[in-house]
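Report on the structure given below.
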Amino acid sequence: MAAAASAPAQEVTGYAGTLRVNEANEHTFTAGASYTHPVHEYLALSVSYLNEGHPIDHHRDGVAGQVWVRSGPNQPGWSVAAGAGQYFYFDTSQLHSDSSTKYTNDHGWAAIYSLQATYHYADSRWYNQVQINRISPSGKDSTTSLMLGVGYQFNGVKGDKLHLEGPTTDEAITLMAGQGINNSLSSETAAIAGLEYRRAVGRYVDWTVTALYEGNTPQSKRNGVATQLWLIRSLNQKVELGMGAGPYFNAKVPDAEGQRSHKAGLISIGGRYHLAKRVVAQATWNRVVTDYHRDADLFLIGLGYSF
23 MAAAASAPAQ
33 EVTGYAGTLR
43 VNEANEHTFT
53 AGASYTHPVH
63 EYLALSVSYL
73 NEGHPIDHHR
83 DGVAGQVWVR
93 SGPNQPGWSV
103 AAGAGQYFYF
113 DTSQLHSDSS
123 TKYTNDHGWA
133 AIYSLQATYH
143 YADSRWYNQV
153 QINRISPSGK
163 DSTTSLMLGV
173 GYQFNGVKGD
183 KLHLEGPTTD
193 EAITLMAGQG
203 INNSLSSETA
213 AIAGLEYRRA
223 VGRYVDWTVT
233 ALYEGNTPQS
243 KRNGVATQLW
253 LIRSLNQKVE
263 LGMGAGPYFN
273 AKVPDAEGQR
283 SHKAGLISIG
293 GRYHLAKRVV
303 AQATWNRVVT
313 DYHRDADLFL
323 IGLGYSF
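Numbering (this note's numbering) for the sequence shown: 23 to 329.
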């Protein structure tokens, strides 16, 4: 991202489409969102979130990073691109056994290959896109998806983050609330809350410490504190996008032996909108990644104060 600071026209795209599970010959829906950053007129990098739908006994989604070779500058009309990279997946799958645990949360890496055709409108920043993805995990079903997308191009803000433009706005406290969804086949929900401290530690990097309350469901009773590093990019004078990852401490779940601590991490994608110099609105999707089959999605929105 730093090397590409001067490149114009970052792109944000939303997708929806259909997906085929190749080995099982099943069909389901798919959806996603991506951020693409050009590093050359024929080369770009992207970060994407993909949801692979709900085939029988599986709920799989994940985050992908790809390198793209493109046909040239974005001119009105059609352009094409080919991408390849790695996809970190989260797979909630049914266990067919006599165990009291009815499902498992598997994590792993898979290769992802994509083809893309984009139609750019004259005198407009909007575009339409058709994309085909092939995801091939080792030891799991591969998938092929066809997605239609709508996107928008941004010029960026001199490559800098917004809150580094003034020395008094590089820290923020944000109070958040939202909904948690357990990654089980029943998708139990709960009201959740969080309190985040954020500090800029580099031109494109933030550091956060977040206290999380995950509510109370039959599958998981968990509170904790997460610390993350974020890659941040400004799209215009008001909007920032970012992706963060880090450990999640004090994750606990009741079991036969009482309260036990387990290992967990937090992966997040978020957007921030600067309502004023010191007031910022924030929305994040967070995935709790665990070693004991209690993954969860945490959807949070909040209001923060910069200082």
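Virtual Cβ for every residue (Gly too), placed ideally from N, Cα, C.
Cβ-based burial, residue i [other Cβ within 10 Å; buried from 16]
i	result
Leu170	exposed
Ile254	buried
Arg145	Note that residue 145 is Asp in the sequence shown, not Arg. Asp145 is exposed by the Cβ-count criterion.
Glu330	It is not possible to answer for residue 330, since the shown part of the chain is limited to 23 through 329.
Pro189	Confidence at Pro189 is low in this model, with a pLDDT of 46, below 50, so its placement is unreliable and the value that follows should be read with caution. The residue in question, Pro189, is exposed, as its Cβ has fewer than 16 Cβ neighbours within 10 Å.
Val311	buried
Gly99	exposed
Val302	buried
Leu263	buried
Leu320	buried
Asp313	exposed
Ser256	buried
Ser136	buried
Ala298	exposed
Tyr226	buried
Tyr327	exposed
Inter-residue spacing [alpha-carbon to alpha-carbon] between residue i and residue j
i	j	result
His142	His284	49 Å
Ala318	Val43	24 Å
Tyr125	Tyr235	24 Å
Leu41	Gly54	12 Å
Ile214	Ala305	14 Å
Ser101	Gly130	33 Å
Ile203	His80	16 Å
Asp163	Asp113	11 Å
Gln88	Ser56	10 Å
Arg147	Tyr174	6 Å
Leu65	Gly94	9 Å
Pro159	Thr165	9 Å
Ser115	Asp192	42 Å
Ser330	Gly237	Residue 330 lies beyond the residue range present for the chain, which begins at 23 and ends at 329; the question has no answer from this structure.
Gly224	Leu325	23 Å
Pro60	Gly84	23 Å
Val91	Ala212	43 Å
Ser68	Pro77	26 Å
Gly266	Ala222	13 Å
Gly268	Asp228	12 Å
Asn150	Ile157	23 Å
Leu117	Thr140	41 Å
Asp208	Arg244	It should be pointed out that residue 208 corresponds to Ser in this sequence rather than to Asp. Each residue's Cα considered, the two are about 18 Å apart.
Arg300	Ala248	24 Å
Ala132	Gly161	10 Å
Ala31	Ile323	27 Å
Within 7 Å, strictly: CB atoms of residue i and residue j
i	j	result
Tyr270	Gly287	yes
Thr52	Glu33	no
Leu217	Ala233	yes
Gln138	Ala106	no
Val152	Gly36	no
Ser290	Asn308	yes
Phe176	Asn258	yes
Tyr111	Arg82	yes
Lys260	Tyr219	no
Arg39	Ser167	Residue identity differs from the one stated: residue 39 is Gly in this sequence, not Arg. For Gly39 and Ser167, yes; Cβs fall inside 7 Å.
Ala86	Ile154	no
Asn96	His315	no
Thr239	Glu210	yes
Would the region 57-77 and the region 190-202 be scored as touching if the rule is three or more Cβ pairs under 8 Å?
no
Cβ pair count under 8 Å reaching 3, the region 233-253 against the region 30-50:
no
In chain order, what are the residue ranges of uninterrupted beta strand (DSSP E) at least 3 long that sit wholly in the region 219-291?
227-238, 243-256, 261-271, 274-277 and 280-283
Restricting to runs no shorter than 4 residues, where is the alpha helix (DSSP H) found entirely within the region 286-326?
none
Just list the beta strand (DSSP E) runs in the region 36-85, keeping only unbroken ones of 3 residues or longer that don't cross its boundaries, in chain order.
48-62 and 65-73
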